[in-house]
Amino acid sequence: MARGGRGGGGQNNAKELKLFLEHRMWRDHWMAISVVFAIIAALFVGFFVQFSYSETRVHMIQLDDDTHVHRVFKSGEPWVILCANPDSVLPEVFDKASERLVGKVNVGVLDCNDLLPSGKSVYNKFGIRRDISPTIFTVANGEKPKQIFLNYLQKSKALASQAIAQTAKEFHELQTTTQLQEKCLSKSSPCVLVYRGKKKFETFQKKWIKELMHNHRLVKFAWADSTILKLSAESLVKGFKDHSVMLFVKSKNESNPTTPILHAKGYNSYFDQLPVAQFISTNVQATAFDNFKTLTKPVTLKRRVKKQPTIPKENTKSNTEVEQERRERMEEEGKRRFAQSIDEDSDTIVEEEEETILDLDEL
């Protein structure tokens, strides 16, 4: 009976559907029907995309594969790595964080006990601590891997944010020669130095500079204020009033392998995304340095000396001229005194006694 009842119900439903279609009653409900079909299609597409991408969202890294080793540790790409066996269950915090990192940071699982080409395990090579669980580290920009510590491993949002922060490309501000060497010239990788002009960077300029940095993960990027700082190699871009760019690259020194040769090239055109990007892409992988200037002296960055206002100086006279003027003044003074004494004598009346004349005839 139960089965018969179910069968009768099925027949009734079929008849109702037939009547629904024959009398075109669906036209009265076309909007509701279209919404239902749209929801079903969206769910199907979402499920298909999630299913097809779930396997590639988390990469299984094999250290015996040179391609994997190069991509994770040498390409400069941003990675967050979980130290675990390939068949291990992913920690929930790591699994949820990987969803937040899609399109921002690559996610991988690696057995950190496996040996690198150097013969050392990942733990020993990079000083990764096993006692922090789950053991997660980031690597990016050609730098040494950085471990993520416990205070960021409690929530997926905190883990994802820290992974993005640790893999971010930095645009270093330089103010001293020491910073120039540490942040720009100490590594073997090329360095792009933006020599800022009188105006500050605009928001849109900061945006495309960030894009350039992400496109060149193995290149160092830094900037210095040319209005207060003087670069010893600024002659490469001297005379250009807008922001300018200098590219530093190193080549192997055959005579002294421990000291590479430093080359520099200046960009003296408009500070815009396309030409600057082309300048960097064209020259960053250069093997011939004919268009570069070879720098034989250490590059320095020092504060500009402020020009003091020029105060007109009095004409300095020689000792001879001073002595001559002194004598002339004394002579003039002597003349004035002499003339004054003559004038005083001429005003004095002197009474003279009458002279007695002796007459010879009276003798």
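In terms of UniProt numbering, the sequence shown is residues 1 to 363. Where is the CB? At the ideal position from N, CA and C, for every residue including glycine.
Any heavy atom of the ligand ATP closer than 6 Å to the Cβ of residue i?
i	result
K200	In the structure on display, the ligand ATP does not appear, and there are no ligands present to speak of.
Helix, strand or coil for residue i? Go by DSSP, reduced to three states.
i	result
R329	helix
H68	helix
K220	strand
E143	coil
E55	Confidence at E55 is low in this model, with a pLDDT of 49, below 50, so the placement of that residue should be treated as unreliable; the coordinate-derived value is given next. Of the three classes helix, strand and coil, the one that applies to E55 here is helix, per DSSP.
F94	helix
C184	helix
S235	helix
G334	helix
S244	strand
I136	strand
I40	helix
L229	strand
L101	coil
L115	strand
V249	strand
E353	Confidence at E353 is low in this model, with a pLDDT of 49, below 50, so the placement of that residue should be treated as unreliable; the coordinate-derived value is given next. Note: E353 maps to coil in three-state DSSP.
Q50	Confidence is the limiting factor: at Q50 the pLDDT is only 48, short of 50, which leaves the residue's position unreliable, though a coordinate-based value still follows. Looking at Q50 - three-state DSSP - the assignment turns out to be helix.
N319	helix
D290	coil
I need the boundaries of the beta strand (DSSP E) containing residue i, first residue and last residue.
i	result
H59	V58 to I61
H172	F171 to E173
K302	L301 to R303
Y195	C191 to R196
Y267	I261 to Y267
L82	W79 to C83
K293	K293 to L295
L110	N106 to L110
Pick from the options: whose alpha carbon is nearest that of residue i?
i	options	result
H243	V249, T259, K302 and S226	S226
F248	P117, I164 and F292	F292
Y270	G197, K187, I148 and I128	G197
G103	A84, A163 and K155	A163
V72	D95, V122 and D87	V122
R100	T176, K74, D65 and K155	K155
H70	N319, G142 and S255	G142
C191	P257, A224, R329 and Q324	A224
N268	F126, P257, I280 and I136	I280
K144	K307, R303, P260 and S75	S75
T203	T67, D272 and S189	D272
V139	K306, L153, A165 and K210	A165
K238	I228, Q205, Y195 and A286	Y195
I228	K306, H216, A288 and D290	K306
P275	K241, W208 and K199	W208
D66	I40, S118 and S255	S118
K199	K241, I128, T178 and R130	K241
Does the distance from the CB of residue i to the CB of residue j come in under 7 Å?
i	j	result
K183	A222	yes
L174	L82	no
P91	T167	no
A97	L159	yes
H214	K169	yes
M246	L180	no
residue 367	G108	The structure shown does not extend to residue 367, since the chain spans only 1 to 363, so no value can be given for it.
V80	V105	yes
K265	N283	yes
A233	V322	no
L63	L116	yes
F94	P134	yes
A277	L236	no
G262	L295	This sequence places Leu at residue 262; Gly is not what is there. A contact, by the Cβ cut-off of 7 Å.
S188	K220	no
N85	D114	no
Span of the alpha helix (DSSP H) holding residue i?
i	result
A160	S156 to Q166
S255	Where S255 is concerned, there is no enclosing alpha helix (DSSP H), given that its DSSP letter is neither H nor E.
F126	V122 to F126
L274	Q273 to N283
N215	T203 to N215
Just checking: is the beta-carbon of residue i within a distance shorter than 7 Å of some beta-carbon in chain B?
i	result
L110	No chain B is present in this structure, which holds just one protein chain.
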